[in-house]
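K.L.:
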Amino acid sequence: RPHIVFVLADDFGYNDIGYHAREHCSQMYTPFLDSLAAKGVKLENYYVQPICSPTRGQLLTGRYQIHTGLAHGIIKAAQPYGLPLDNILLSQQLRKCGYKTNMVGKWHLGFFREEYLPWNRGFQNFFGFLNGGVNHYTRYHCEPKKTRRFCGYDMIDSRHGPINSTYGEYSTNLFVRKAKEMIDRHNKAKPMFLYLSLQAVHGPLQVPNQYLKRFKHIKDRNRKIYAGMVYAMDRGIRQLVKHLKRVRMWKDTIFIFSTDNGGQTTRGGNNWPLRGKKGTLWEGGIRAVGFVHGKPLQLNGPMVNHELLHVSDWYPTIMSATQCPLMVGTQNVDGYDQWDTIRKNKISKRTEILHNIDPLHKKLTIGSEYREGFDVSVRAAIRSGGWKLLTGYTGMNAWVVPPECKVTNITDGQVTDDFYTYPNSTTNIRLFKISEDPYERRELSQQYPEVVNLLLARLKEYNTSSLPVSYPRNDKKADPQLHGGFWLPWRGVGKKYKKKLQRKAHRHRNVNK
1 RPHIVFVLAD
11 DFGYNDIGYH
21 AREHCSQMYT
31 PFLDSLAAKG
41 VKLENYYVQP
51 ICSPTRGQLL
61 TGRYQIHTGL
71 AHGIIKAAQP
81 YGLPLDNILL
91 SQQLRKCGYK
101 TNMVGKWHLG
111 FFREEYLPWN
121 RGFQNFFGFL
131 NGGVNHYTRY
141 HCEPKKTRRF
151 CGYDMIDSRH
161 GPINSTYGEY
171 STNLFVRKAK
181 EMIDRHNKAK
191 PMFLYLSLQA
201 VHGPLQVPNQ
211 YLKRFKHIKD
221 RNRKIYAGMV
231 YAMDRGIRQL
241 VKHLKRVRMW
251 KDTIFIFSTD
261 NGGQTTRGGN
271 NWPLRGKKGT
281 LWEGGIRAVG
291 FVHGKPLQLN
301 GPMVNHELLH
311 VSDWYPTIMS
321 ATQCPLMVGT
331 QNVDGYDQWD
341 TIRKNKISKR
351 TEILHNIDPL
361 HKKLTIGSEY
371 REGFDVSVRA
381 AIRSGGWKLL
391 TGYTGMNAWV
401 VPPECKVTNI
411 TDGQVTDDFY
421 TYPNSTTNIR
431 LFKISEDPYE
441 RRELSQQYPE
451 VVNLLLARLK
461 EYNTSSLPVS
471 YPRNDKKADP
481 QLHGGFWLPW
491 RGVGKKYKKK
501 LQRKAHRHRN
511 VNK
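Per full-length UniProt numbering, the sequence shown starts with residue 1, numbered consecutively.
1) Measure from the C-beta of P144 to each C-beta in chain C and report whether the shortest distance is under 8 angstroms.
2) So, under 8 angstroms CB-CB, A9 and V104 are touching, yes? Tell me the CB distance rounded to an integer number of Å.
3) Considering only residues of the region 224–297, which uninterrupted beta strand (DSSP E) runs meet the minimum length of 3 residues and lie entirely inside it, listed in chain order?
4) I need the straight-line Cα distance from W107 to G82, nearest angstrom please.
5) Whole angstroms are fine: how far does the CA of P480 sit from the CA of L488?
6) Here's the rule I'm using: 16 or more other beta-carbon atoms within 10 Å means buried, otherwise exposed. How should K219 be labelled?
7) Whether or not the region 166–177 and the region 220–228 are in contact is what I'm after, with contact meaning three or more pairs of Cβ atoms, one per stretch, closer than 8 angstroms; do they touch?
8) Spatial neighbours of D417 within its chain, please: C-beta separation below 8 angstroms, excluding the five flanking residues on both sides.
9) Would you check if there are 3 or more beta carbon pairs closer than 8 angstroms linking the region 280–291 to the region 256–269?
10) For R267, count neighbouring Cβ atoms within 10 angstroms of its own Cβ and tell me buried if that reaches 16, exposed if not.
11) Could you have a look at C151 and say whether DSSP puts it in helix, strand or coil?
12) Let's see if you can read the secondary structure: which residues bound the beta strand (DSSP E) around T101?
13) How many Å lie between W282 and G69 at the Cα?
14) Am I right that K96 and M327 are in contact with their C-beta atoms under 8 angstroms? What's the rounded C-beta distance?
15) Helix, strand or coil for D34 per DSSP?
16) Quick check on the DSSP output: the beta strand (DSSP E) that includes T391 runs from which residue to which?
17) According to the neighbour-count rule (16 or more other Cβ atoms, all chains shown, within 10 Å of its Cβ), is E450 buried or exposed?
18) Thinking C-beta only, is V469 closer than 8 angstroms to H67?
19) Grouping DSSP H, G and I as helix and E and B as strand, with all else coil, what is P316?
20) Could you check which residue in I237, A380, H141 has the C-alpha nearest to that of residue 523?
21) Distance check for K460 and N356, CA to CA, integer angstroms please.
22) Anyone know if the C-beta pair for V333 and P316 falls short of 8 angstroms?
23) Going straight from the alpha carbon of residue 534 to that of S384, what length do you get?
24) First and last residue of the alpha helix (DSSP H) that includes P359?
25) Would you call the region 44–52 and the region 271–287 touching, i.e. three or more CB-CB distances under 8 angstroms?
26) Find the nearest neighbour of A232 within the set L89, K188, P31, judged by alpha-carbon distance.
27) Would you mind sorting P204 into buried or exposed? The rule is 16 or more other CB atoms within 10 Å of its CB.
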């Protein structure tokens, strides 16, 4: 069975990979990622979710977020909930199949109880952080950010407990180093699953100076630092692959690269020429950078794949690629086995994507209104065939030009600095022929009311199968100061276990912040 290495970049924009950047007036530099993609399969019609936790949950469960109760927002540090335990995760499937399962980096799927921790969900080894983001050097995290009520360290090792002995080491370098250590400990006679969930290129905008030299010409400060972070990630992945070659595992490895959502344009990321950004259901929030590389693909040559793919497809696709049987009790999945689509360029089994239905995200632009039995003031989006429908408040609706570039080819819009935008819409319904208009410039709901009604009926059908949304209030008992200064599980934790964690935290603590 092949080794599986899945690298998930964080907040990496559509226009931030070199092979897109060169076409769209961006000066991001990713030579190694470009070389891997050029010799593998570029996924050019591939979608993820608009924010962190939902994408990670769909990757590991194969289910739409409406079917896990995570349809609204991200899982915040002090919220007492997580990815429901009745889901058998991809890591559990592969472990049962004989894989050694390793994870490094960002978890972000809940940790309020012990049973939600990664090593209790199929990963035999874990090194990383549990929340959505930390300082790239100190591992310090405060939540909620506006009041800074709770602050603590967030770094934990499944073998040693909470640690802060890595103070001062840049996160990308740290996580690549830890991934290499897990590879070194691996028994080469067994297949390996390595999930490297980088914090790069998520904020805060921080990078060692050595990676900035190449980008002195970029005047925008955020974009310049971001470019350095992208380059540091590219170099880190290069080191990882070189190490896999050195230990003679590379030729048996399927390497998958994906971003978790669109770029955050207020923090250096860019999705041009797509509309929108991270956190929106416009294409700029959900259309992803992705590619697959590896000898087990048995390619006749490099390919550019334009078939419709979604992050939920990785679950059944990886199970197919590894020829692992599903465990008894496996949940019904929304993903499709796309193994032959990826390696043989066969037609995708997927014709539709539910981008999301978020009943808690309602901003009434013209008042609540039901159409075809669906409340169109609810934030939702669906793609079916060549069509895409959005309802409710869509968030930032601009096209953001890379700061290092000036473009003037958007028509019918308004230009303000580096933003091309339309006035706020007076409707809760927007329809696009996305197969012909991937930049979402021509709204067609008035011209095609029958298509609108069809897609609203599909949203209604999906909505009937959705679980109640989980989004509890912050719990004061999550305060790291009650747990040795670290973000750790705080509910259902026995006194012995709590003292054990606190002893480990003290042993591995560094006095610096």
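Built from N, CA and C at the ideal position, the CB exists for glycine as well.
Bear in mind that the values here come from a model prediction, so they are computed numbers and not experimental data.
P.N.:
Taking the structure as given:
1) Chain labels in this structure do not include chain C; a single protein chain is all it has.
2) Counted from its first residue, the sequence shown places residue 9 at position 9. Counted from its first residue, the sequence shown places residue 104 at position 104. Their Cβ separation, rounded to whole angstroms, is 13 angstroms, which puts A9 and V104 out of contact at 8 angstroms.
3) The DSSP assignment places complete beta strand (DSSP E) segments of no fewer than 3 residues inside the region 224–297 at 253–259, 290–293, in order along the chain.
4) Counting from one through the sequence shown, the residue named residue 107 turns up at place 107. Counting from one through the sequence shown, the residue named residue 82 turns up at place 82. Taking the straight line joining both Cα atoms gives about 11 angstroms.
5) Here the question's residue 488 lines up with position 488 in the sequence shown. Here the question's residue 480 lines up with position 480 in the sequence shown. Their backbone Cα atoms lie some 7 angstroms apart in a straight line.
6) The residue labelled residue 219 in the question sits at position 219 within the sequence shown. With a threshold of 16 other beta carbon atoms within 10 Å, K219 falls short and is exposed.
7) No: fewer than three Cβ pairs fall under 8 angstroms.
8) Here residue 417 refers to the residue found at position 417 when the sequence shown is read from its first residue. Confidence in D417 is poor, its pLDDT being 45 and thus under 50, which makes the residue's placement unreliable; the coordinate value appears in the next sentence. Same-chain partners within the cutoff: there are none.
9) By the Cβ test, the region 280–291 is in contact with the region 256–269, since at least three Cβ pairs between them sit closer than 8 angstroms.
10) Here residue 267 refers to the residue found at position 267 of the sequence shown. With 16 or more other Cβ atoms within 10 Å, it is buried.
11) Counting from 1 along the sequence shown, the entry for residue 151 is found at position 151. Annotated three-state conformation of C151 is strand, per DSSP.
12) The sequence position of residue 101 within the sequence shown is 101, counting from 1. Where T101 is concerned, the enclosing beta strand (DSSP E) stretches over 100–106.
13) By one-based count along the sequence shown, residue 282 stands at place 282. By one-based count along the sequence shown, residue 69 stands at place 69. Looking at the backbone, the Cα of W282 and that of G69 are separated by about 22 angstroms.
14) Stepping through the sequence shown from its first residue, residue 96 is reached at position 96. Stepping through the sequence shown from its first residue, residue 327 is reached at position 327. A Cβ-Cβ separation of about 5 angstroms places K96 in contact with M327 under the 8 angstroms criterion.
15) Reading the sequence shown from its first residue, position 34 is the one you call residue 34. Judged by DSSP in its simplified three-state form, D34 adopts helix.
16) Walking along the sequence shown from the start, residue 391 turns up at place 391. Annotation for T391: the continuous beta strand (DSSP E) segment containing it runs 387–391.
17) The residue labelled residue 450 in the question sits at position 450 within the sequence shown. A residue is called buried when at least 16 other Cβ atoms come within 10 angstroms of its Cβ; E450 does not meet this threshold and is exposed.
18) Counting from 1 along the sequence shown, the entry for residue 67 is found at position 67. Counting from 1 along the sequence shown, the entry for residue 469 is found at position 469. No, the pair does not count as a contact, with Cβ atoms beyond the cut-off.
19) Along the sequence shown, one-based indexing puts residue 316 at 316. DSSP places P316 in helix when its eight states are reduced to three.
20) What the structure shows of the chain is the stretch from 1 to 513, and residue 523 is not part of that stretch, so it cannot be assessed.
21) Here residue 356 refers to the residue found at position 356 when the sequence shown is read from its first residue. Here residue 460 refers to the residue found at position 460 when the sequence shown is read from its first residue. Rounded to whole angstroms, N356 to K460 spans 12 angstroms at the Cα level.
22) Translated into positions along the sequence shown, residue 333 becomes position 333. Translated into positions along the sequence shown, residue 316 becomes position 316. Going by C-beta atoms, V333 is nearer than 8 angstroms to P316.
23) Residue 534 lies beyond the residue range present for the chain, which begins at 1 and ends at 513; the question has no answer from this structure.
24) Locating residue 359 in the sequence shown gives position 359, where the first residue counts as 1. No alpha helix (DSSP H) contains P359, which is instead part of the beta strand (DSSP E) from 352–362.
25) As far as the Cβ criterion goes, the region 44–52 touches the region 271–287, which means the pair count is three or higher.
26) In the sequence shown, the residue the question calls residue 232 occupies position 232. Measuring C-alpha to C-alpha distances from A232 to each of L89, K188, P31 identifies P31 as the nearest.
27) The residue you call residue 204 lines up with position 204 of the sequence shown. With fewer than 16 Cβ atoms within 10 Å of its Cβ, P204 is classed as exposed.
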